[in-house]
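Each residue of the sequence shown is one higher than the last, beginning at 725 in my numbering.
Backbone N, C-alpha and C fix where the C-beta goes; we use that ideal spot for every residue, glycine too.
Since the structure comes first, as structure tokens, the remarks are kept for the end.
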Amino acid sequence: MKEEIATTLASVGEFPLIREFFQPLRLEGVAGVVAGIGDDAAVLAVPRTQQLLATVDALIEGIHFSATDDPFLLGEKALRVNLSDIAAMGGRPNWYLLSVGLPGETPSQWLTEFTRGLRGCGERFGVTIVGGNTTGSPSGRTIHVTMFGLVGQGRALTRGVAEVGDRIFVTGTIGDATLGLAVRQGGLIGVDEADRRYLEGRLDLPEPRVDMGVALADAAAARGVIDVSDGLVADLGHICTASGKGARLDVGRIPLSEAARRLVLRDPALMRRILTGGEDYELLFTVAPGAVEMVHTLSGRVGVPVTEIGEIVAGAEVEVVAADGERLVLEQGGWRHF
Ligand SMILES: [Mg+2]
């Protein structure tokens, strides 16, 4: 009986919970932590030459994850999506706050695995917890991560500064996460085992492009910048809306992984899904024609591939030019065929 009680959070209590699970998330050696977890608020030092970036993301059980999802991967992803937002601003992430709402019947093993994911990701990217909040929840688990980063004064990469004639670039490959989700949900069958693992891995463990974001900001090489979370066309639309411009996207140039390429060869209609599916967490950015060469140099330096996929044009629409020349236009609320 005692053993059974000890396996849920209700039996642990709030302060032992913080001591056992959250305080170990502190990383030593992260700059700027004057006072971290354990006081009423964190005290963080922002150097005079830098500006503070702050972003928050929510993960809600039943919406973003299910009770049976791997809590280790959830911990990793909770940080990674926030790291990606800091990367999209050209910043170096340093600190995070964690707020969780957990039902008392949550197995403590779940929290052990969840915090193991947070810890692993924090160590890899050099970010430390600086505070948090733990509360009970009547039903379902909720996770909020607030991430802070630093960027040089006036160097933050924003969405609203794309210019007509800018080339549109994207890092890595597009569509893997949405195809991974389709595979996992049973919507794609007969997929090679290695491809399935690769695509689901891209869904579970997106790679925040921190080094590339920092390189672009330091060199002032990019203009409109966003990370691809809503989908390639939608996020390009966000840049266009913020900049008051339009865009032409060349479908045939969109970089695909080998796994995605194999699936598209089998079923070309999947391209629509690749254009609109989200969660790739690659950087999408526009580059003045004169800075294109510099972007390729930076790409080589940080080891993150980039591909040119289109151009910023006058107007207010994202025009999608398919490989076969068919033109599609995405307007607010849906597709319009020419
Ligand atoms: Mg974002």
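query                                                                                                                             : result
Touch test, the region 929–942 against the region 870–880, Cβ-Cβ under 8 Å, three pairs minimum                                   : yes
DSSP-derived helix/strand/coil call for Ile978                                                                                    : coil
CB of Pro932 within 8 Å of CB of Ser808, strictly                                                                                 : yes
Ser863 beta carbon near ligand 1 (any heavy atom closer than 7 Å)                                                                 : no
Per DSSP, cross-strand counterpart(s) of Arg820                                                                                   : Note on identity: in this sequence residue 820 is Tyr, with Arg being the wrong assignment. DSSP output for Tyr820 lists Ile853, Met871 as bridge partner(s).
Length of the line joining the Cα atoms of Ile742 and Thr858                                                                      : 8 Å
Straight-line Cα distance separating Ser953 from Gly815                                                                           : 18 Å
Continuous beta strand (DSSP E) stretch holding Ala1011: start and end                                                            : The question names Ala, yet the displayed sequence has Val at residue 1011. Segment 1007–1011, the beta strand (DSSP E) holding Val1011.
Leu881 versus Phe849: straight-line alpha-carbon distance, rounded                                                                : 20 Å
Whole-angstrom distance between Lys969 and Asp959, CA atom to CA atom                                                             : 13 Å
is_contact[Gly846, chain D] using C-beta, thresh 8 Å                                                                              : Absent here is chain D; the protein component of the structure consists of one chain.
Residue span of the beta strand (DSSP E) that contains Arg702, given as start and end                                             : The chain is shown from 725 up to 1062; residue 702 falls before or after that span and cannot be answered.
Neighbourhood of Asp928 by C-beta distance below 8 Å, restricted to the same chain and skipping five residues each side           : Asp794, Leu797, Glu800, Lys801, Gly904
Expected contact under 8 Å - CB spacing of Thr852 and Gly1002 to nearest Å                                                        : At roughly 28 Å, the Cβ-Cβ gap does not stay under 8 Å, so Thr852 and Gly1002 are not in contact.
Close-in-space but distant-in-sequence residues of the same chain around Val805 (CB under 6 Å, 5 per side omitted)                : Asp781
heavy atom of ligand 1 below 7 Å from Asp951 C-beta                                                                               : yes
Distance cut-off 7 Å: Ala812 Cβ against heavy atoms of ligand 1                                                                   : yes
Where Pro740 falls, given that 16 or more other Cβ within 10 Å makes a residue buried                                             : exposed
Contacts around Ser863, its chain only, beta-carbon distance under 6 Å, and the 5 residues preceding and following it disregarded : none
Buried/exposed call for Leu989, threshold 16 Cβ in 10 Å                                                                           : exposed
Span of the alpha helix (DSSP H), counted from its first residue to its last, around Val1030                                      : No alpha helix (DSSP H) contains Val1030, which is instead part of the beta strand (DSSP E) from 1030–1037.
Spatial distance of Leu835 from Gln747 (CA atoms)                                                                                 : 13 Å
Exposure of Val1042, with buried meaning 16 or more beta-carbon neighbours within 10 Å                                            : buried
Asp1004 Cβ short of 7 Å to ligand 1 heavy atom set                                                                                : no
Any non-hydrogen atom of ligand 1 within 7 Å of Asp809 CB                                                                         : yes
Euclidean distance between Cα positions of Arg947 and Val1037                                                                     : 14 Å
Whether Leu956 touches Val1045 by CB criterion (8 Å)                                                                              : no
Pick from Ile784, Glu785, Leu768 that is closest to Leu777, judged by C-alpha positions                                           : Leu768
Given Glu1050 as reference, the closest of Gly1014, Leu751, Met995, Glu1006 once Cα atoms are compared                            : Met995
Pick from Glu924, Leu749, Tyr1005, Pro1013 that is closest to Gly910, judged by C-alpha positions                                 : Glu924
Unbroken beta strand (DSSP E) run spanning Ile950, endpoints                                                                      : 949–951
Chain-order list of residues whose beta-carbon lies under 6 Å from that of Ser967 (same chain, five-residue window excluded)      : Gly884, Ala886, Gly948
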